[in-house]
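If you number the sequence shown the way numbering that gives the first Met the number 0 does, the last residue is 131 and the count never jumps.
Don't be surprised by glycine CBs; every beta carbon is placed ideally from N, CA and C.
A quick note: this is a predicted structure, and the numbers were derived from the prediction, not measured.
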Amino acid sequence: MYTEIILDLYKNPVNYGELDNPDLHLAGGNPSCGDEVIFHLRLDGEKIKDVRFSGHGCAISRASECVLTEMVKGLTLNEVLEIDSKNLFDELGGVVQTRLKCALLGLHVLKHGIKMYLKNPDEFTVIKNISI
């Protein structure tokens, strides 16, 4: 059911944990299964200088969040909005169709949180309750 990539990232997650003094926190979850993620971003202008994530979830959501954090480092916030789910699925080595919400949770939280932040960057440093 799970690819080797997914299992390896679940057991040995990359970029898992919090950043000291992040510029932005984006938090959300999937109420139907209980998976939750918080992205901690350090920005240089609108460029993502560093990113980590915390929270809890299944193997697919955690692996997806690991891959996403690697994908977005060095990108601008607007470039993150251009990431396609197919790119993410390719990096994960494929995803079982019945688990798409798990795989897309992190991407959904990042994109919706960034959109909210870009509308009013002076107002937000923490964006919570982004649901899939």
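So what does K46 bridge to, in DSSP terms? D43, T75
Buried or exposed, going by whether 16 or more other CB atoms sit within 10 Å of the CB of N20? exposed
Residue range of the unbroken beta strand (DSSP E) whose run includes N86: Taken as a continuous stretch (DSSP letters only), N86 belongs to no beta strand (DSSP E), being part of the alpha helix (DSSP H) at 84-91.
Quick check: what's the CA-CA separation for G92 versus V36? 21 Å
Could you give the DSSP three-state label for E122: helix, strand or coil? coil
Measure the C-alpha to C-alpha separation of F52 and D121 and round it to an integer number of angstroms. 22 Å
Identify which residue in F88, D43, F38 has its Cα closest to the Cα of L109. F38
Can you check which of these residues, E78, S63, T68, H24, is closest to L103 by C-alpha distance? S63
Just curious, the beta strand (DSSP E) that L18 is in, first and last residue? Unbroken run through L18: none, as it is neither H nor E.
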